[in-house]
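Undergrad:
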Amino acid sequence: MEQIVNEKVGIETFMTKSKHIDYDNNKVLRLSTSSQIDVEIQPEEIFDTIINFKRINDLRYINKFFEVVNSKLPKGGIYISCAETSRYRKERILKKYPFVLNYAYYILDFIFKRIFPKLPVTKKIYFLLTGGRNRVISKTEYLGRLFSCGFEVVEEYRKDGLLYILAFKISKPVYDKNPTYGPLIRLKRIGKNGIIFNVYKFRTMHPYSEYLQEYVYKNNSLDKGGKFKNDLRISTLGHLLRKYWIDEFPMFINIFKGQMKLVGVRPLSKHYFSLYSKETQERRVKYKPGLIPPYYADMPNTLDEIEVSELNYMCAYDKHPFLTDVKYFFKAFYNILIKNARSK
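Start counting the sequence shown at 9; every next residue gets the next number (the numbering used here).
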């Protein structure tokens, strides 16, 4: 009961502080439910704001719930929700219990309520025992699920260990029938002739991170080397896997399938591809992408320098394909081994 009161107080406080909310608006639907049926029975486009006081941690089918909310709102409509993120949950547990016991409890809680719901072997057992209540949700997954369901996050607020998010409806949901949760993931990338193919990698990011590229770029822009600054999508384990390129081992599957080669331009997502100049975009799709990009041979810092590096590689490749790949392979190998070049 205390938790429900805190959730309601938190959202009401958020609403009074938000510049996007008309607090006296009579087209606001207030709910405190974990059942999407309570939303489904509502008329469409009557309300321009829907608020759910129940934490998304307690929703059995989170995306289905978000999708139903989306269907009831007009374009530009507002959805306010809340969650106890994995970070806030960790803070709460470590503060609540004595030292040593708190870390033991936290580890067990994380395994049962974060890892079990994601693994095919344990998923059914977990939901049978819990009904999907009190799951561990990272902030990244929370944001990614909202974006995948047609919402744009515009405002965040923290109170009493909960994260409150205000989002606008900007489109219909993606309806991804095959979301990836496991350690091996497939990422949509642009290949030769502009063909979209699945790149295989070990997971280094939180689930639903693929929907946040534009959000991260908009809020953080690019760092040296063309990577996103302060990328919240990368997990703690993910940083370790990237440091030693372990995450890229499955890309040999793409090489065996003939979709990639050992050395070549980096396979890019649609959003990252859109950051390149038109000239470079048209040139890039003429070549098969590679596991080892020119970046590790030239070590450029900015996106413009990365483009120049790739254009130089492509010009050299046109003249001497085999010798160019050999040259770039050994330059990259030298930088990685001697100069300690690492992926971020």
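Note that CB positions come from ideal geometry on N, CA and C, so glycine has one too.
Taking DSSP's pairing of strands, which residues face Cys90 in a bridge?
TA: In the DSSP output, where bridge partners are listed per residue, Cys90 has Arg63 and Tyr172.
Undergrad: Could you pull the start and end residues of the alpha helix (DSSP H) that Arg122 belongs to?
TA: Run containing Arg122: none; DSSP gives neither H nor E here.
Undergrad: Buried or exposed for Arg166, going by 16 or more other Cβ atoms inside 10 Å?
TA: Result: exposed.
Undergrad: Leaving out five residues on either side along the sequence, give the residues of the same chain with a beta carbon under 7 Å from the beta carbon of Tyr105.
TA: Within the same chain, Tyr105 has close Cβ partners Tyr113.
Undergrad: Mind checking which residues open and close the beta strand (DSSP E) that includes Ile300?
TA: Ile300 -> beta strand (DSSP E) spans Gly298 to Ile300.
Undergrad: For Gln44, which residues of its own chain have a beta-carbon under 6 Å away from its beta-carbon, when the five flanking residues on both sides are left out?
TA: Excluding positions up to five away in sequence, the list reads Lys72, Phe73 and Val76.
Undergrad: With a 10 Å radius around its C-beta and 16 neighbouring C-beta atoms as the bar for buried, classify Val144 as buried or exposed.
TA: Buried, since its Cβ has 16 or more Cβ neighbours within 10 Å.
Undergrad: Below 8 Å on the Cβ atoms is my contact criterion, and I expect Lys180 with Gly85 to pass it. Report the Cβ-Cβ distance as a whole number of Å.
TA: Their Cβ separation, rounded to whole angstroms, is 13 Å, which puts Lys180 and Gly85 out of contact at 8 Å.
Undergrad: Measure the alpha-carbon distance for Arg309 versus Tyr223 and round it to whole angstroms.
TA: According to the sequence provided, residue 309 is Asn. The question's Arg does not apply to it. Distance between the alpha carbons of Asn309 and Tyr223 is about 22 Å.
Undergrad: Please say whether Gly202 and Phe293 have beta carbons closer to each other than 7 Å?
TA: The amino acid occupying residue 293 in the given sequence is Val; Phe does not appear at that position. The answer is yes: Cβ separation under 7 Å.
Undergrad: Please say whether Ile193 and Leu276 have beta carbons closer to each other than 7 Å?
TA: Cβ atoms of Leu276 and Ile193: not closer than 7 Å.
Undergrad: Distance, Cα to Cα, Leu170 vs Arg153?
TA: Near 17 Å, if we compare the C-alpha coordinates of Arg153 and Leu170.
Undergrad: Return the chain-ordered ranges of every alpha helix (DSSP H) run that is complete within the segment 305–349 and spans a minimum of 4 residues.
TA: With a minimum length of 4 residues, the continuous alpha helix (DSSP H) runs that stay inside the segment 305–349 are 311–327 and 329–345.
Undergrad: Whose C-alpha, out of Glu163, Ile58 and Gly266, is nearest the C-alpha of Pro297?
TA: Checking every option, the nearest Cα to that of Pro297 belongs to Gly266.
Undergrad: Rounded to whole angstroms, what's the CA-CA distance from Tyr303 to Gln289? Just pull it up for me.
TA: Rounded to whole angstroms, Tyr303 to Gln289 spans 17 Å at the Cα level.
Undergrad: Taking just the CA atoms, how far does Met268 sit from Leu36?
TA: A small fix is needed here, since residue 36 is Val in this sequence, not Leu. Computed Cα separation, rounded: 51 Å.
Undergrad: Could you tell me the distance, in whole angstroms, from the CA atom of Glu256 to the CA atom of Gly246?
TA: Distance between the alpha carbons of Glu256 and Gly246: 11 Å.
Undergrad: Under DSSP, the alpha helix (DSSP H) around Ile78 begins and ends at which residues?
TA: The residue asked about is misnamed: residue 78 is Asn in this sequence, not Ile. Per DSSP, Asn78 belongs to the alpha helix (DSSP H) from Ile70 to Lys80.
Undergrad: Taking only three categories from DSSP, how would you classify Leu151?
TA: Helix at Leu151.
Undergrad: By Cβ distance, which residues of its chain are closer than 7 Å to Ile346, with the 5 residues on each side in sequence left out?
TA: Answer for Ile346: no residue qualifies.
Undergrad: Can you say whether Thr332 is buried or exposed, counting buried as having 16 or more other CB atoms within 10 angstroms of its CB?
TA: Looking at its Cβ environment, which holds 16 or more other Cβ atoms inside 10 Å, Thr332 is buried.
Undergrad: Would Ser42 pass as a contact of Lys62 if the rule is Cβ separation under 7 Å?
TA: Against a cut-off of 7 Å, the Cβ pair of Lys62 and Ser42 comes out as a contact.
Undergrad: Can you tell me which residues form a DSSP beta bridge with Lys196?
TA: Note: Lys196 sits in a beta bridge opposite Asn206.
Undergrad: Can you list, in chain order, the residues of its chain whose CB lies under 8 Å from that of Thr93, leaving out five sequence neighbours each side?
TA: Correct list, in chain order: Ile145, Ser146, Lys147, Tyr150 and Leu171.
Undergrad: In terms of residues, what are the limits of the alpha helix (DSSP H) holding Arg38?
TA: From DSSP, Arg38 is part of no alpha helix (DSSP H) but of the beta strand (DSSP E) over Val36 to Leu39.
Undergrad: Roughly how many angstroms separate the alpha carbons of Arg291 and Ser282, rounded to a whole number?
TA: Cα to Cα, Arg291 sits roughly 13 Å from Ser282.
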